[in-house]
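Novice:
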Amino acid sequence: SQASRGEAQIAASAEVESEVEPWSLLQPVDGRDRSGLLPPLFKVLSDGRLGAPRLQPDSRALHYMKTLYKAFATKEGIPKSNRSHLYNTVRLFTPCAQHKQAPGDQTTGILPSVDLLFNLDRVTAAEHLLKSVLLYTINNSVSFSSAVKCVCNLVVKEPKSSSKTLPRVLHSFTFNSQFELGKKHKWIEIDVTTLLQPLVASNKRSILMSINLTCTKDQLQHPSQDGLFNMTFLVPPSLILYLNDTSAQAYHRWYSLYYKRRPSQDPDQERSLHAYPVGEEAAEDGKSSHHRRRR
Amino acid sequence: GQETVISELKKPLVPASFNLSEYFKRFLFPQNECALHDFRLSFSQLKWENWIVAPHRYNPRYCKGDCPRAVGHRYGSPVHTMVQNIIYEKLDSSVPRPSCVPAKYSPLSVLTIEPDGSIAYKEYEDMIATKCTCR
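Which chain is which? The protein sequence lines are H and P, in order.
Sequential numbering of the first sequence, starting at 1309, is according to this note's numbering.
Sequential numbering of the second sequence, starting at 2, is according to this note's numbering.
(1) Check whether the stretch 1433 to 1448 of chain H touches the stretch 1541 to 1559 of chain H, counting contact only when three or more Cβ pairs, one atom from each stretch, lie closer than 8 Å.
(2) With distances taken from CA atoms, which of P/Gly-2, P/Lys-48, P/Lys-132, P/Pro-99 is nearest P/Met-83?
(3) Can you name the residues of chain P whose CB is closer than 7 Å to the CB of H/Gln-1557?
(4) Please report the distance separating the alpha-carbon of H/Ser-1389 from that of H/Ser-1555.
(5) Please report the residue range of the beta strand (DSSP E) in which P/Ile-87 lies.
(6) Name the chain P residues whose beta carbon is nearer than 9 Å to that of H/Lys-1457?
(7) Do P/Arg-70 and P/Thr-131 come within 9 Å of each other at the CB atom, strictly closer than that value?
(8) When you compare only the Cα positions, how much space is there between H/Asp-1297 and H/Phe-1401?
(9) Would you call the stretch 101 to 120 of chain P and the stretch 1370 to 1389 of chain H touching, i.e. three or more CB-CB distances under 8 Å?
(10) Mind listing the chain P neighbours of H/Gln-1364? Cutoff is C-beta to C-beta under 8 Å, in chain order.
(11) Using the rule of at least 16 other Cβ atoms within 10 Å of the residue's Cβ for burial, across every protein chain shown, is H/His-1393 buried or exposed?
(12) Alpha carbon to alpha carbon, how far is H/Ala-1509 from H/Leu-1428?
(13) What is the residue span of the beta strand (DSSP E) that P/Ala-55 lies within?
(14) Only counting the same chain, and skipping five residues up and downstream in sequence, which positions put a Cβ closer than 6 Å to that of H/Ser-1532?
(15) Among the residues of its own chain, which have a CB less than 6 Å from the CB of P/Ser-107, if the five just before and after it don't count?
(16) Is P/Val-6 helix, strand or coil by DSSP?
(17) For a test of the three-state rule: what should DSSP assign to H/His-1393, helix, strand or coil?
(18) When DSSP labels each residue in this structure, what does H/Thr-1501 get in the three-state scheme?
(19) Using the Cα positions of H/Arg-1561 and P/Cys-64, report the straight-line distance between them to the nearest angstrom.
(20) Under 8 Å between beta-carbons, which chain P residues line up against H/Asn-1390? List them in chain order, please.
(21) For a test of the three-state rule: what should DSSP assign to P/Glu-124, helix, strand or coil?
(22) Hey, P/Ala-104 and P/Tyr-125: beta-carbon distance below 9 Å or not?
(23) Pull up the distance between the alpha-carbon of H/Ile-1386 and that of H/Ala-1558, whole angstroms please.
(24) For the alpha helix (DSSP H) containing H/Tyr-1372, name the first residue and the last one.
(25) So is P/Ser-107 in contact with chain H if we call contact Cβ pairs under 9 Å?
(26) Report all residues from its chain with a CB closer than 7 Å to the CB of P/Ile-39; omit the five preceding and five following residues, and keep chain order.
(27) Using DSSP's beta-bridge definition, name the partner residues of P/Ala-36.
(28) Around the Cβ of H/Gln-1364, are there at least 16 other Cβ atoms within 10 angstroms (buried) or fewer (exposed)?
(29) Going along the chain, which residues of its own chain have a beta-carbon closer than 6 Å to the beta-carbon of H/Asp-1338, five neighbours each way excluded?
(30) Within 10 angstroms of the Cβ of P/Leu-109, are there 16 or more other Cβ atoms? Answer buried if so, exposed if not.
(31) Quick one: grab the DSSP three-state call for H/Glu-1435.
(32) Give the range of the beta strand (DSSP E) segment to which P/Pro-103 is assigned.
(33) Taking the straight line between their C-alpha atoms, what separation do you get for P/Arg-41 and P/Leu-47?
(34) Return the residue from the list P/Glu-9, P/Lys-12, P/Ala-36 that minimises the CA-CA distance to P/Cys-68.
(35) What does DSSP give as the partner residue(s) for H/Val-1543 in the beta ladder?
(36) When the Cα atoms are used, what is the spatial distance from H/Glu-1497 to H/Asn-1461?
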């Protein structure tokens, strides 16, 4: 009766499964939508197509990410090992909506102040923010080749819940950046990590930013030339998040570096040990290895 | 006793019927031994080029071939592998012979375009087989 009951259960669950689309059976058991390589692979396995066509990204943003890819990986796609940082994921978002607050004045280097809305839906709970920058693209070969001093006024607001309410200001942030710009520069990066860290950590799905950027030539270096100059460049900035994906399917650099130093007996054993024994575990580990040595 | 020694020395070392290459084939190194093979694919073959921007070529590699009967340390196989082989040969051939499978992998970096138009650079674990074993 035990066996027959077991068979009955198996038959029942098989019936249930047969009604469900085969692809959904392949989904990760915890049901979370893991944005990454697996869901599309499962999709291809189940019916060969890869779902709806994708929105095409901004070409300048794509050019930047291709440059980053070449810096991080070989032609065959192997991550270069000469990198010290820990991020295994970099996401570039272009603003999904923008609203001009005040007109700019390009001859004086003041850019139009705009409200930009970034949708961070693709960031998973397993991805922890390590660094974040606003990326301005210089879309013409701008003529200046000297130090540029920029003042950036950044206000992060709570996206409006309805058209009637005004967005609540979450953080206001003004900082001066000085950077060398030359003919070869195509991008300006403004670090906004401290501003975004709490928002990404609290799983904010969209971020509204009001950005006001004014750049002038550094008077000290070039007293002769006029202080302001024509900046025919900047399109609205992209937001780049450098993340450490802690999920099992992501590559953990520190993990392989750690195990390179400690050749383990059995290749499989590497995977089962904890990455870094901490606290009493470390002590326990020390004691047990002491036992092992004595034995 | 010199004649005895000389006649002994003249005898062939192994019985005429014994064939060395047969021995190797049967006991030590099968012809198509378990080994790593290349399989270079481009994502456009899978019609994924509108999703995966880089790399253009991807060689996941795979393991294929027969596992020698006495695998021992050659593949980092546990003793269980030989036990399973003996079961297959001597006791019950419905038990499968040991299989040639990947033992180690290396990661792969991919640049993808997400459904919302954002761009993601990600490094995935275990995407390229780098070593085979018999299990």
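Even glycine gets a Cβ: it sits at the ideal position worked out from N, Cα and C.
Specialist: With the given structure in hand:
(1) yes
(2) Here residue 83 of chain P refers to the residue found at position 82 when the second sequence is read from its first residue. When each option's Cα is compared against that of P/Met-83, the closest is P/Pro-99.
(3) Residue 1557 of chain H sits at position 249 when you count from the first residue of the first sequence. Within 7 Å Cβ-Cβ: Tyr-125, Glu-126.
(4) Counted from its first residue, the first sequence places residue 1389 of chain H at position 81. Counted from its first residue, the first sequence places residue 1555 of chain H at position 247. Approximately 20 Å, taken between the alpha carbons.
(5) Taking the second sequence and counting its residues from 1, the one referred to as residue 87 of chain P is at position 86. Not the beta strand (DSSP E): P/Ile-87 falls in the alpha helix (DSSP H), residues 80 to 87.
(6) Translated into the one-based positions of the first sequence, residue 1457 of chain H becomes position 149. Those do not exist, as H/Lys-1457 stays about 30 Å from chain P at its closest Cβ, beyond 9 Å.
(7) Position 130 of the second sequence, counted from the start, is the residue given in the question as residue 131 of chain P. Position 69 of the second sequence, counted from the start, is the residue given in the question as residue 70 of chain P. No, these two residues do not count as a Cβ contact at 9 Å.
(8) The shown model of chain H, from 1309 to 1603, leaves out residue 1297 of chain H, and the question about it has no answer.
(9) yes
(10) The residue labelled residue 1364 of chain H in the question sits at position 56 within the first sequence. Here the neighbours are Ile-114, Gly-118.
(11) Here residue 1393 of chain H is taken as the residue at index 85 of the first sequence, counted from 1. Exposed.
(12) Locating residue 1509 of chain H in the first sequence gives position 201, where the first residue counts as 1. Locating residue 1428 of chain H in the first sequence gives position 120, where the first residue counts as 1. Spanning the two alpha carbons is a distance of roughly 12 Å.
(13) Position 54 of the second sequence holds residue 55 of chain P. That run of the beta strand (DSSP E) goes 53 to 55.
(14) Walking along the first sequence from the start, residue 1532 of chain H turns up at place 224. Low per-residue confidence applies at H/Ser-1532: pLDDT is 44, beneath 50, and the placement is therefore not dependable enough to give any value.
(15) In the second sequence, residue 107 of chain P corresponds to position 106, counting from 1. Here the set comprises Ile-129, Thr-131.
(16) As a first step, residue 6 of chain P is located in the second sequence; it is residue number 5 there, counting from the start. Helix.
(17) Within the first sequence, numbered from 1, the residue matching residue 1393 of chain H stands at position 85. In the structure shown, H/His-1393 sits in coil (DSSP, three-state: anything other than H, G, I, E or B).
(18) Mapped onto the first sequence, residue 1501 of chain H falls at position 193. Of the three classes helix, strand and coil, the one that applies to H/Thr-1501 here is helix, per DSSP.
(19) On the first sequence, position 253 is the one that residue 1561 of chain H refers to. On the second sequence, position 63 is the one that residue 64 of chain P refers to. Each residue's alpha carbon lies about 25 Å from the other.
(20) Reading the first sequence from its first residue, position 82 is the one you call residue 1390 of chain H. Near H/Asn-1390 there are no residues of chain P at all, since even the closest Cβ is about 14 Å away, more than 8 Å.
(21) Taking the second sequence and counting its residues from 1, the one referred to as residue 124 of chain P is at position 123. If DSSP states are grouped into helix, strand and coil, P/Glu-124 belongs with the strands.
(22) The residue given as residue 104 of chain P occupies position 103 in the second sequence. The residue given as residue 125 of chain P occupies position 124 in the second sequence. No.
(23) Indexing the first sequence from 1 puts residue 1386 of chain H at position 78. Indexing the first sequence from 1 puts residue 1558 of chain H at position 250. Using only the alpha carbons, I get a separation of about 13 Å.
(24) Numbered from its first residue, the first sequence carries residue 1372 of chain H at position 64. Unbroken alpha helix (DSSP H) run through H/Tyr-1372: 1367 to 1380.
(25) Counting from one through the second sequence, the residue named residue 107 of chain P turns up at place 106. Closer than 9 Å to some Cβ of chain H, the Cβ of P/Ser-107 qualifies, so yes.
(26) On the second sequence, residue 39 of chain P is found 38 positions in, with the first residue counted as 1. Looking at the sequence itself, residue 39 of chain P is Asp, so the reference to Ile does not match. Contacts found: Asn-60, Arg-62.
(27) Reading the second sequence from its first residue, position 35 is the one you call residue 36 of chain P. DSSP lists P/Lys-65 as partners of P/Ala-36.
(28) For the purposes of this step, residue 1364 of chain H is identified with residue 56 of the first sequence, where counting begins at 1. With fewer than 16 Cβ atoms within 10 Å of its Cβ, H/Gln-1364 is classed as exposed.
(29) Taking the first residue of the first sequence as 1, we reach residue 1338 of chain H at position 30. With a pLDDT of 47 at H/Asp-1338, under the threshold of 50, the modelled position of that residue is not reliable, and the figure given next carries that caveat. Cβ within range, chain order: n/a, list empty.
(30) Reading the second sequence from its first residue, position 108 is the one you call residue 109 of chain P. With 16 or more other Cβ atoms within 10 Å, it is buried.
(31) On the first sequence, position 127 is the one that residue 1435 of chain H refers to. H/Glu-1435: strand per DSSP, three-state reduction.
(32) In the second sequence, residue 103 of chain P corresponds to position 102, counting from 1. Unbroken beta strand (DSSP E) run through P/Pro-103: 101 to 114.
(33) Residue mapping note: residue 41 of chain P aligns to position 40 of the second sequence, counting from 1. Residue mapping note: residue 47 of chain P aligns to position 46 of the second sequence, counting from 1. P/Arg-41 and P/Leu-47: Cα-Cα distance of roughly 12 Å.
(34) Looking up residue 68 of chain P in the second sequence gives position 67. P/Cys-68 has its Cα closest to that of P/Ala-36, out of P/Glu-9, P/Lys-12, P/Ala-36.
(35) Residue numbering aside, residue 1543 of chain H sits at position 235 when the first sequence is read from its first letter. None; H/Val-1543 has no bridge partner.
(36) Along the first sequence, one-based indexing puts residue 1497 of chain H at 189. Along the first sequence, one-based indexing puts residue 1461 of chain H at 153. Answer to the nearest angstrom: the Cα atoms are 14 Å apart.
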